[in-house]
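Colleague: Shown below is the structure under consideration.
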Amino acid sequence: MAAMASLHETLDFSGPSAFTRRMQEDTFIHCSFDGLQLEGIGLESVVVGSSFKNCSWYWGIFNTAVLVDVTFVDCTFRGTHFGGATFTRCRFERCRFIEDNLNVGCKFNECFWYDCEQVDCVGLPTAYAQRRHPQRAKS
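Residues 523 to 661, numbered by my numbering, are exactly what the sequence shown covers, in order.
Below, the structure is given as structure tokens:
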């Protein structure tokens with residue numbers, strides 16, 4: 523029997539392995555994540571009012587994730603897929619969206635972007651996060 527998703531509120535997740543595969547469908551409200559180092563682990567759930575700092579995803583999967591009022595600072599995404607994700611009032615600062623070791627970049631197919639912004643990012647198309655309402659990523 524598969525484990526049910528959990529609700530996490532006002533918690534701090536710090537360190538390379540503070541986020542596990544079992545948590546990728548959980549819901550996070552007002553949580554902070556710092557220094558995560560994840561490979562092949564996704565975030566396919568709801569995240570509200572939370573922050574990610576100094577986090578690194580390699581082959582991450584954010585398919586159908588719903589992120590509202592989430593801030594990403596100094597994060598790196600290598601070959602990460604964001605298919606069908608919805609970003610609302612999210613902010614990206616100094617984040618890098620780069621290729622993996624197979625030269626495959628991040629994918630933003632069928633994403634929705636509402637009132638998002640980016641500052642000094644690499645690899646995130648400007649049209650997706652520049653405070654306009656709404657933007658839908660084309661594949």
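C-beta atoms are modelled at their ideal positions from N, C-alpha and C, and glycine is treated no differently.
#1: Quick one: give me the first and last residue of the beta strand (DSSP E) that H530 is part of.
#2: Going straight from the alpha carbon of S578 to that of F599, what length do you get?
#3: So what's T598 in DSSP terms, helix, strand or just coil?
#4: Take N585 as the anchor and find which of V644, H603 and C597 has the nearest alpha-carbon.
#5: Between which two residues does the beta strand (DSSP E) holding D556 run?
Modeller: The short version:
#1: Taken as a continuous stretch (DSSP letters only), the beta strand (DSSP E) holding H530 covers L529 to E531.
#2: A straight line joining the alpha-carbon of S578 with that of F599 spans about 6 Å.
#3: Under the three-state reduction of DSSP output, T598 falls in the strand class.
#4: Ranking V644, H603 and C597 by CA distance to the CA of N585 puts H603 first.
#5: D556 -> beta strand (DSSP E) spans S554 to D556.
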